[in-house]
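Chemist: There's a structure below that I have some questions on.
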Amino acid sequence: MSSKEFFNTFVRDQKAIITKICRSYSDSEEDFQDLFQEVALQLWRGYESFRSESKVSTWVYRVALNVCLTHFKKRKRKPETSSIDNMLREPVQEGVDPVHEQVAILYEGIKQLKEIERAIILLYLEDKQYNEIADILGMTRTNVGVRINRIKGQLKKYIDARVGHQGDMEDARTVNA
Amino acid sequence: MQELDIKEIWRTQELSTPELEEHQLERMIRGKSQSIMDSLKKFTRIEHIGNIIVSIAMICYFLYRGDYGFSFALVVFLGATVIYYKRLYNKLYRIQPSADVHDYLLVVHSELRDFVRKYQISFSLLFTVAFGLGLYLGIRENPNADRFGDPIFYVKIASVYLVSLLLCFLLVHVIYASKLRKIKQLLNQLDQLN
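See the structure below:
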């Protein structure tokens, strides 16, 4: 397969998945670009040997997650724990579209999770079945279900706290005005 | 209060996916990989080439000096390393990031740990052989030299040997220890979840 065919038939379809995963594991634009390039490179190299034993999307998620998890260059070290209560809560920028703001907060919350928890929740958000999540990560189906509920709880708590914090700030600004 | 639906938020995102042109992708897939497995392959290749060059140079040197025993031993060593590297390449090239995350992390951790151990063992052996051989050849060339009777000379040799060995160990540690630790942490996270 030529790189042109690879681009036209494959990358265009899978670009959104690759972008979301790389974005969740990068701390800067530079990091994101490095990850995106590395994932594209590994997919290109592995495409010829891909034997359709699994779904294309499963294969893409595996490659993208494996690349992101074992990528070291230019990465900043993240905190060990994902304790929601101890997290630094930077106020969200003013005047940003509320939809974008919520997505930004969601990404922020995802990035506070441990790397493997991040992978689980990303697959859940992408509407993957528990079986497929277990297959991609090498976990048991039962544990996937249990973990998803806990991680969802953590994320919701984070988002509520962030939105509440921002609401408090807006109230304070209104009172001051 | 309405329950927060994170899937709904996720769906609303308008992905600012990078607009990729064909030439950009071409550059990406022809670019250098930064993956840990690719750097292991690269270092293995460099190491193998270095090994061949040094071994051939030493074989020529010993042949020139008429030390046929050493030359033969080095030819055997070179043959053994060629077989070793061929097997190592096969093993490294079989590792693909398309495995499930747990299996991939396990195999990357194992290869990385073996790589570090191999360096530590190789450094220890090579330095010992190099210093021992240097001393042996020196004494054989010039058995009556004063320095060979001086204990300080042996202390100096031992110090250089130990410091060189420590520096090499430290270098390997600085390059690989944090990577090994990180992958181990990921594996622990997965094991805890299972």
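Residue numbers (our numbering), protein chains in the order written: chain D, 123 to 299; chain X, 7 to 200. No residue lacks a Cβ here, since even glycine has one placed at the ideal position from N, Cα and C.
Could you work out which residue in D:A162, D:L228, D:T262, D:F194 is closest to X:K185 when comparing CA atoms only?
Modeler: For the residues D:A162, D:L228, D:T262, D:F194, the minimum Cα distance to X:K185 belongs to D:F194.
Chemist: Is it buried or exposed for X:D106, if we count other Cβ within 10 angstroms and need 16 for buried?
Modeler: The residue in question, X:D106, is buried, as its Cβ has 16 or more Cβ neighbours within 10 Å.
Chemist: What do you reckon, is the C-beta of D:R134 under 7 angstroms from a heavy atom of the ligand SAH?
Modeler: Looking at this structure, you won't find the ligand SAH or any other ligand, since it has none at all.
Chemist: By DSSP, does D:T141 sit in helix, in strand, or in coil?
Modeler: It is helical.
Chemist: How many whole angstroms separate the CB atoms of D:T168 and X:S104, which I take to be in contact at a CB cut-off of 8 angstroms?
Modeler: Sequence inspection shows Gly at residue 168 of chain D; the Thr mentioned does not correspond to that position. With a Cβ gap of about 5 angstroms, D:G168 and X:S104 count as contacting.
Chemist: Assign D:R240 to one of two classes, buried (16 or more other C-beta atoms within 10 Å of its C-beta) or exposed (fewer than that).
Modeler: Buried, by the Cβ-count rule.
Chemist: Please check if any C-beta of chain D sits within less than 8 angstroms of the C-beta of X:Q19.
Modeler: Output row for X:Q19: interface = yes.
Chemist: In terms of residue numbering, what span does the alpha helix (DSSP H) encompassing D:H193 cover?
Modeler: No alpha helix (DSSP H) contains D:H193, which DSSP labels as neither H nor E.
Chemist: Let me see if you follow: with CB-CB separation under 8 angstroms, is D:R265 close to chain X or not?
Modeler: Strictly speaking, residue 265 of chain D in this sequence is Asn, with Arg absent from that position. Output row for D:N265: interface = yes.
Chemist: Is the beta carbon of D:N171 sitting closer than 8 angstroms to the one on D:L157?
Modeler: Residue identity check: residue 171 of chain D is Ser in the sequence provided, not Asn. Cβ distance not < 8 angstroms, so D:S171 and D:L157 don't count as in contact.
Chemist: So for D:T262, helix, strand or coil by DSSP?
Modeler: It is coil, neither helix nor strand.
Chemist: In angstroms, rounded to a whole number, what distance separates the CA positions of D:I139 and D:Y183?
Modeler: Cα to Cα, the separation comes out at about 8 angstroms.
Chemist: Mind listing which residues of the stretch 103 to 118 of chain X have their C-beta closer than 9 angstroms to chain D's C-betas, in chain order?
Modeler: Within the stretch 103 to 118 of chain X, the residues whose Cβ lies closer than 9 angstroms to some Cβ of chain D are P103, S104, A105, D106, V107, H108, D109, Y110, L111, L112, V114, listed in chain order.
Chemist: Please list, in chain order, the chain X residues whose beta carbon lies closer than 9 angstroms to that of D:K250.
Modeler: Here the premise fails: no neighbours, minimum Cβ distance about 11 angstroms.
Chemist: Which residues, in chain order, does the stretch 224 to 258 of chain D contribute to contact with chain X at a C-beta distance below 7 angstroms?
Modeler: Residues Q224, V225, L228, K236, E237, I238, A241, L247, D257, I258.
Chemist: Could you tell me whether the Cβ of X:I101 comes closer than 8 angstroms to any Cβ of chain D?
Modeler: No, because no Cβ of chain D sits closer than 8 angstroms to the Cβ of X:I101.
Chemist: Say whether chain D places a C-beta atom closer than 8 angstroms to the C-beta of X:I42.
Modeler: X:I42 counts as touching chain D.
Chemist: Counting contacts by CB-CB distance shorter than 8 angstroms, is D:V178 in contact with chain X?
Modeler: Chain X, which has no Cβ nearer than 8 angstroms to the Cβ of D:V178, makes this no.
Chemist: Along chain X, which residues have their Cβ under 7 angstroms away from the Cβ of D:R269?
Modeler: The answer, in chain order, is L199.
Chemist: DSSP on X:I101, reduced to helix/strand/coil?
Modeler: The answer is coil: DSSP assigns X:I101 none of H, G, I, E or B.
Chemist: Taking buried to mean at least 16 other C-beta atoms within 10 Å of its own C-beta, is D:Y246 buried or exposed?
Modeler: The residue is buried, with at least 16 neighbouring Cβ atoms inside 10 Å.
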